[in-house]
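Heads up: the sequence shown begins at 165 in my numbering, then just goes up one per residue.
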Amino acid sequence: METWDAIRARRNVRAYTEEPIDGADLDRILEAGWRSPSASNRQKWDFVVVTDREQLAELGTVWQGARHVPGSQATIVLTVPEPEAERFRTIDQYDLGQATMAMMLAAADLGIGSGHSSVGDQEAARRILGVPEGHICCYMIALGRPADRPLKPITRPDRRPFDEVVHRGRW
């Protein structure tokens, strides 16, 4: 898929088929996150990949918006250490956002659907994943082949009108 098509095809997928994700495809998605921009090249992130059905079921309980995680074929949990100073909290969150989008676009390019989620219950997430104290489990990206329809460019996205969102020079 071309980059522009992947951008236009990406959507939040919350129901997945049982088709497994090829290991090379999963590695490509992870590499997209690994290659994403990082402020001052901090790269404070760690990515925990989960494919075990029991772990996926448990991860579905760490946030109210994670009910799709147990049905995924893989879920990537993005973590960072507690920031050493408050100013790094914003920087690290921005970096994680970029890594998330890079991985979701790489998935779309491969025809793999993705659905993001936050993490609320830090204790449970750390226990399920073996993440050490002092680290925050920030976001999850559930992955799998879409159960409803394949990914293809969306011609009429459900978005605010472009001219209402884009301001040129001034608000």
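The beta-carbon is built from N, C-alpha and C at its ideal position, and this holds for glycine as well.
Computed from a predicted model, the values in this text were never measured in an experiment.
To the nearest angstrom, how far is it from the Cα of T225 to the Cα of V295?
Approximately 17 Å, taken between the alpha carbons.
Does the segment 214-228 come close enough to the segment 246-259 that 3 or more CB-CB pairs lie under 8 Å?
By the Cβ rule, the segment 246-259 does not count as touching the segment 214-228, because fewer than three pairs are nearer than 8 Å.
Tell me whether S282 is buried or exposed, calling it buried when 16 or more other Cβ atoms sit within 10 Å of its Cβ.
Flag for S282 reads exposed.
Starting from A238, trace the alpha helix (DSSP H) in both directions and tell me its first and last residue.
Careful: A238 lies outside any alpha helix (DSSP H), inside the beta strand (DSSP E) at 238-245.
Of all the options R217, G187, L190, T181, which has the alpha carbon lying nearest to the alpha carbon of I292?
Answer by Cα proximity: R217.
DSSP-derived helix/strand/coil call for V330:
V330: coil per DSSP, three-state reduction.
CA-to-CA distance, K316 to R175, given in whole angstroms
Cα to Cα, the separation comes out at about 9 Å.
For R206, count neighbouring C-beta atoms within 10 Å of its own C-beta (all shown protein chains included) and say buried if the count is 16 or more, exposed if not.
Counting Cβ neighbours within 10 Å, R206 comes out exposed, since fewer than 16 surround it.
Could you tell me the boundaries of the alpha helix (DSSP H) in which I193 lies?
If you look at I193, you'll find it in the alpha helix (DSSP H) that goes 187-198.
Once the 5 residues before and after M268 are set aside, which same chain residues still bring their CB inside 8 Å of it?
So the qualifying residues of the chain are R174, S278, H280, I305.
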